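Take a look at the structure set out below.
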Amino acid sequence: MKWEGNRESDNVEDRRGGGGGFGGRSIGIGTIVIALLGSYFFGVSPDTIISLLSGGGAQITQQEPAQRPPADDPMARFVATVLADTEDTWGPIFREQGATYIKPKLVLFTGQTPTACGTGDTASGPFYCPGDQKIYIDLAFYQTMRDRFRVSSDFAQAYVIAHEVGHHVQHISGITEKVEQVRRSGSQKQANAVSVKLELQADCFAGVWAYHANQARSILEDGDVESALKAASAIGDDTLQKQSQGHVVPDSFTHGTSAQRVRWFQRGIQGGDLNSCNTFAARQL
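Numbers 2 to 286, taken from my numbering, label the letters of the sequence shown in order.
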């Protein structure tokens with residue numbers, strides 16, 4: 002992926018090494034672990050579980066104002082460049098539809114950090130919080146990609162950010178709220194099913210970004226698409242469940258199978274058409 006020398010976004014906060022934590026009731030590491038497991042296997046928001054286990058009193062105390070990443074940090078510069086590229090892609094797409102793209106913030110953190118959605122934790126991987134419209138990532142996740150999934154290319158790492166930006170697009174477009182309504186009113190099986198569609202659409206949106214970014218700025222190099230597909234395949238629910246528990250439970254899927262994630266990313270990158278990303282109307286995922 003060609004990125005060096007390109008514009009870097011100003012919407013990056015660096016909380017690495019910062020403090021922050023919970024106000025109100027104290028929350029132990031055991032509660033956080035339970036919340037993360039519940040989020041992965043049952044599709045329940047971690048902050049919802051934390052609130053329930055802590056008696057509904059968990060509140061977040063915002064830490065000191067975040068700093069800009071240092072100019073001599075190559076990974077921070079890479080992340081800022083990818084975020085800028087998503088801004089340069091989604092801005093025109095929204096304008097074509099008569100709307101304004103609201104840029105998300107991206108927060109770099111280490112270990113844990115307070116968010117409007119509960120405590121952000123390295124173990125949960127990169128995530129988007131609709132409550133504060135911020136993307137959170139511990140850059141140690143990229144080492145996990147290299148060590149566990151054998152994925153290390155720049156474009157595969159950019160795909161991770163583009164997927165979370167896809168969730169931001171869903172949020173400001175009103176898609177996320179509709180999904181939350183189903184989650185609140187439906188069964189757990191229905192909640193999981195609609196979560197899968199939300200995740201696969203974010204994969205498709207990541208593909209849409211890649212298509213338009215390459216058309217405008219020629220960011221793709223040989224092997225980039227293959228590396229992103231490898232990353233998408235490595236983090237499918239079926240693959241992760243088989244690795245962690247030795248068997249697969251389809252009804253508990255919240256992100257989609259490896260094949261589905263690959264398929265929807267490909268659909269987005271092949272033509273860059275937002276209309277092709279309607280997972281909620283698809284007869285087959």
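All C-beta atoms in this analysis are idealised placements derived from N, C-alpha and C, irrespective of residue type, glycine included. Computed from a predicted structure; not experimentally measured.
**Item:** the region 173-190 contacting the region 145-154, beta-carbon criterion three pairs below 8 Å
**Value:** no
**Asked** Quick one, are the C-beta atoms of Arg78 and Asp15 less than 8 Å apart?
**Response** no
**Asked** Are the Cβ atoms of Val1 and Pro127 separated by less than 8 Å?
**Response** Any answer about residue 1 is impossible in this case: the structure gives the chain only from 2 up to 286.
**Asked** Does the distance from the C-beta atom of Val170 to that of Gly273 stay below 8 Å?
**Response** no
**Prompt:** Taking just the CA atoms, how far does Thr114 sit from Ala214?
**Reply:** 31 Å
**Prompt:** By how many angstroms is the C-alpha of Ala141 removed from the C-alpha of Met76?
**Reply:** 10 Å
**Whole-angstrom C-beta distance between Ser277 and Arg264, which should lie under 8 Å** = Not a contact, Cβ separation roughly 11 Å.
**Prompt:** Which residues bound the alpha helix (DSSP H) around Lys179?
**Reply:** Ile176 to Ser186
**Request:** Can you tell me which of Gly121, Asp225 and Tyr102 puts its alpha carbon nearest to the alpha carbon of Phe110?
**Result:** Gly121
**Request:** Could you tell me if Gln158 is buried or exposed, where buried requires 16 or more neighbouring beta carbons within 10 angstroms of its beta carbon?
**Result:** buried
**Prompt:** Between Leu38 and the rest of its own chain, which residues show a CB-CB distance below 6 Å, the 5 nearest in sequence each way excluded?
**Reply:** Confidence at Leu38 is low in this model, with a pLDDT of 49, below 50, so its placement is unreliable and the value that follows should be read with caution. If we look at Leu38 and ignore the five residues flanking it on each side, it has no Cβ neighbours.
**Request:** Over the uninterrupted beta strand (DSSP E) stretch that includes Gly119, give me the two end residues.
**Result:** Gly119 to Asp122
**Request:** Determine the extent of the beta strand (DSSP E) in which Asp15 is found, giving its start and end residues.
**Result:** Val13 to Asp15
**Asked** Do you know offhand how far Ala192's Cα is from Gly6's?
**Response** 43 Å
**Request:** Please go through the same chain and pick out, in chain order, the residues whose beta-carbon is closer than 6 Å to the beta-carbon of Asp225, but skip the five residues on each side of it.
**Result:** Met2 and Phe156
**Asked** How big is the Cα-Cα spacing for Pro251 and Leu286?
**Response** At Pro251, the pLDDT of 40 sits below 50, so the modelled position is not reliable and the matter cannot be decided from this model.
**CB contact flag (Leu84, Ser10, <8 Å)** = yes
**Contacting residues, own chain, Cβ-Cβ under 6 Å from Thr82 (five flanking each side not counted)** = Trp4, Asn7 and Glu9
**For Ile138, the nearest candidate out of Val108, Asn12, Glu178 and Thr280 (CA to CA)** = Val108
**Prompt:** To which residues of the same chain is Thr101 closer than 8 Å at the C-beta, ignoring the five residues directly before and after it?
**Reply:** Phe95
**Prompt:** Can you tell me where the beta strand (DSSP E) with Gln144 in it begins and where it stops?
**Reply:** Per DSSP, Gln144 belongs to no beta strand (DSSP E); it is in the alpha helix (DSSP H), Ala141 to Arg149.
**Asked** Quick one, which of Lys190, Glu200, Gln189 and Ala163 has its alpha-carbon nearest Thr177's?
**Response** Glu200
**Message:** Rounded to whole angstroms, what is the Cα-Cα separation between Ile136 and Ala207?
**Reply:** 14 Å
**Asked** Given that a residue counts as buried once 16 or more other Cβ atoms are within 10 Å of its Cβ, and exposed if not, what is Arg149?
**Response** exposed
**Message:** Taking its Cβ as the centre, do 16 or more other Cβ atoms sit within 10 Å of Arg284, making it buried, or is it exposed?
**Reply:** exposed
**Asked** What did DSSP end up calling Asp116 once you bin it into helix, strand or coil?
**Response** Going by the sequence as given, residue 116 is Thr instead of Asp. Looking at Thr116 - three-state DSSP - the assignment turns out to be strand.
**Request:** Go ahead and label Asp223 buried or exposed: buried means 16 or more other beta carbons lie within 10 angstroms of its beta carbon, across all protein chains shown.
**Result:** exposed
**Request:** Say yes only if the C-beta of Asp122 is nearer than 7 Å to one or more non-hydrogen atoms of the ligand FAD, and no if none qualify.
**Result:** No copy of the ligand FAD appears in this structure; indeed no ligand is present at all.
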